[in-house]
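Residue numbering for the sequence shown follows this note's numbering, starting at -18 and increasing by one per position.
What follows is a single structure, written as structure tokens, with notes after it.
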Amino acid sequence: MLTKRFLIIASCLTVLAPIACAPPTQPTPVAKSAAPSTASATSVATSAPKLATATAAATGKPSGPTPTVKPAAESRPESGRYGGILTVGIGGNPVSLDIHQEDSSFTNAITAATYNSLLKPDPFGWPEFKPVPDLAASWQVSADGKVYTFHLAKGVKFHDGTALTAEDVKFSLDRIRNPQRGMSRSPRQQQLANVTSIDTPDDSTVKITLRNPQASFITVIATVYFAIMPRRVVSEKNNDMRNTVVGTGPFKFKSYAMGVGWDLEKNQNYFVRGRPYLDGVKGYVILDSFTRFAALRTKNILWWAPFPYMTVSQTKIIQETLSDKIAVQLESHPAWYGAMFNLTSPPWSDVRLRQAVSLTFDRKKMLVVGLEGAGVAGMSAQPPGEWSLPEEEMMKVPGYAKPDIDGARKLLAEAGFAAGLKAETLVRAVKPQQDMAVLLKDAVAAIGIDLDLKVVETAIYQDALSRKAYGIATGGVGTALTDPDMPLGDNYLSGSGRNWTGYNNPNFDQLFARQSETLDTAERRKIVWDMQRILLKDVPIAIAYWVKVPYAWWKEVRGYVPPVGFNNAFGYQDIWLAR
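Structural data, given as structure tokens:
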């Protein structure tokens, strides 16, 4: 029914008139070329297993931290034009504007372009996640893989005019590691749990020491979540940055109005030569996905921010009617959809109930109905790819190839609910999760579980998950990386700020620590597979499918390539308008 509804409504959009919130008048672009960024990455090292493969093959050494090497030549876009406003539409409001505190891509959509991290994904390295210099012009890794030394780029200033120093970097990373008053949570805290100290030998040098070697450290630190803030401003605000945005990024924050939109303006003093091209970014909050689709088609917005996702039916409409004007690209993203359980209290603390729910899932059918097939039916806790369990093994797991209703009913009876049960289900008020909630309700009804869907706004949803103030919830959680340190660590490691279920398995935690410091990729993969096997039995999260994300933009938007992980999509540094 959902698929049919998608097709009917999407087809009706061909006759929709432009929405009322027309974008501002675009400044006339100036035909002026600019040299690409020339950040002095004279020595760059990486420790991500995938990136170290060539070195490992050549030397016979295990992949992992390597001596500093010169980076390969990078492809760059054609010279851009200056001027113009990029118009963007997103499908929800952020809980706050504190990029360290929040877990929503809505926060990233508004603030990511105002900040820089030490490193960033190479915007032209797609589909690989290749860390390249950002605030750190170069870095080195010690022979034992435990000490990372970053040398900051020169002449970097925050938007308030103060100079960036190593102390700002240390302060920002320590803020994530040890959240103080003013921060109610730190979702990425566990990603820096292996850090024992951050030192600043001088104003332009940051030395990060790890307890153990960590295969993913460089790639993790290159994600958008580790943005650098000015120590002075954060201190003056008593650590409360929920409504304050001051970074070093290509764009300066101007304003945000809840339910309406936001404005960013060009940072005239940006440290990357020749960037940014745009005069600014104008964002609109458009909650209804079909209205947002109409805004794209009528050119009221030039770029579709990838959450909530465009449907397959909508992409087909564009391909059939506007393929000469709008580019559409469908890419894998490490984000799962399914059911989360609160393991800290009954009844969902009983593993038999959780297993029963998972056995009701007809995953292939759910993928077709929920995402019109734009994804991968899944049960494993790792995104599809090099780290996930092999398909042939997954086919043998009960409930993966097809639902097992009899087995689910038996487990339900063993748990003392032979007559079924009623339960309230927490649902985030964004379309993909609401669709998932309907699929979940229909699936478990077959074994006598009656779910009452409670749809709430993002702020209420996130607060309930953080406080474990729910029983069962529909989830849709993405990460910036497929490396196991992020999806497995974020969602399942005890003590993680994103472990919404309260899952606590000492054996899993021990295996997590082992895989994280294992630098040989093949050996690490074996451990990661064992971790996924544990999760298949414990079922803290019943995953239905992993998504593929459609990106769409008017072809006059140049210098943009879809990122690896849509949370890294909102930098805008190299985008320009061909007008």
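C-beta: ideal position from N, C-alpha, C; glycine also.
Taken in chain order, the unbroken stretches of beta strand (DSSP E) that lie wholly in the segment 235 to 291 and span 3 residues or more are 242 to 247 and 261 to 266.
Setting aside the 5 residues that flank it on each side, residue 160 is surrounded in the same chain by 167, each with a C-beta closer than 6 Å to its C-beta; the list follows chain order.
Contact check for residue 453 and residue 320: beta-carbon distance about 6 Å, within the 8 Å limit, so the pair qualifies.
Three or more beta-carbon pairs drawn from the segment 223 to 234 and the segment 133 to 147 are found closer than 8 Å, and the two stretches are therefore classed as touching. Residue 187 sits in a strand when the DSSP states are folded into three classes. Of all alpha-carbon atoms in 70, 93, 293 and 101, the one lying nearest the alpha-carbon of residue 241 is that of 70. One Cα belongs to residue 187, the other to residue 304, and the distance between them is close to 47 Å.
With contacts defined by Cβ atoms closer than 7 Å, residue 72 and residue 540 do not form a contacting pair. In this structure, the beta-carbon distance from residue 89 to residue 398 does not fall below 7 Å. Between residue 165 and residue 439, the CB-CB gap reaches or exceeds 7 Å. In the structure shown, the three-state DSSP call for residue 109 is coil. Listed in chain order, the non-local C-beta contacts of residue 420 below 6 Å within the same chain comprise 347 and 351, local neighbours out to five positions each way being set aside. Under the 8 Å Cβ criterion, the segment 430 to 450 counts as touching the segment 398 to 409, having at least three qualifying pairs.
Between the segment 115 to 124 and the segment 171 to 180 there are fewer than three inter-stretch CB-CB distances shorter than 8 Å, so the stretches are not counted as touching. The straight-line gap separating the alpha-carbon atoms of residue 497 and residue 93 is approximately 27 Å. Restricting attention to 367, 457 and 426, the CA atom closest to the CA of residue 389 is found in 426. Of all alpha-carbon atoms in 276, 290, 193 and 118, the one lying nearest the alpha-carbon of residue 353 is that of 290. Assignment of residue 315 by DSSP, reduced to helix, strand and coil, places it in the strand class. Counting along the chain, no alpha helix (DSSP H) covers residue 100; the unbroken beta strand (DSSP E) around it starts and ends at 100 to 102.
Look at residue 426 here: in three-state DSSP terms it is helix. Taking a 10 Å sphere around the C-beta of residue 487, we find fewer than 16 other C-beta atoms and assign the residue as exposed. Across the structure, residue 528 and residue 182 are spaced so that their CA atoms are roughly 44 Å apart. In this structure residue 358 is not in contact with residue 469, their Cβ atoms being roughly 20 Å apart against a cut-off of 8 Å. In this structure, the straight-line span from the alpha carbon of residue 243 to that of residue 558 is close to 20 Å.
In the displayed model, residue 522 falls within a strand according to three-state DSSP. With 16 or more neighbouring CB atoms inside 10 Å of its own CB, residue 521 falls in the buried class. Only buried fits residue 97, as 16 or more other CB atoms lie within 10 angstroms of its CB. Taking the C-beta atoms as reference points, residue 463 is found no nearer than 7 Å to residue 356. A direct Cα-Cα distance of roughly 21 Å separates residue 560 from residue 286.
Beta-carbon to beta-carbon, residue 245 and residue 538 are separated by about 16 Å, too far to satisfy the 8 Å threshold.
Every unbroken stretch of the beta strand (DSSP E) spanning 3 or more residues and falling wholly within the segment 320 to 370 is given here in chain order: 356 to 358. In this structure, the beta-carbon distance from residue 149 to residue 212 falls below 7 Å. The residue among 117, 91, 154 and 196 with its C-alpha nearest the C-alpha of residue 127 is 196.
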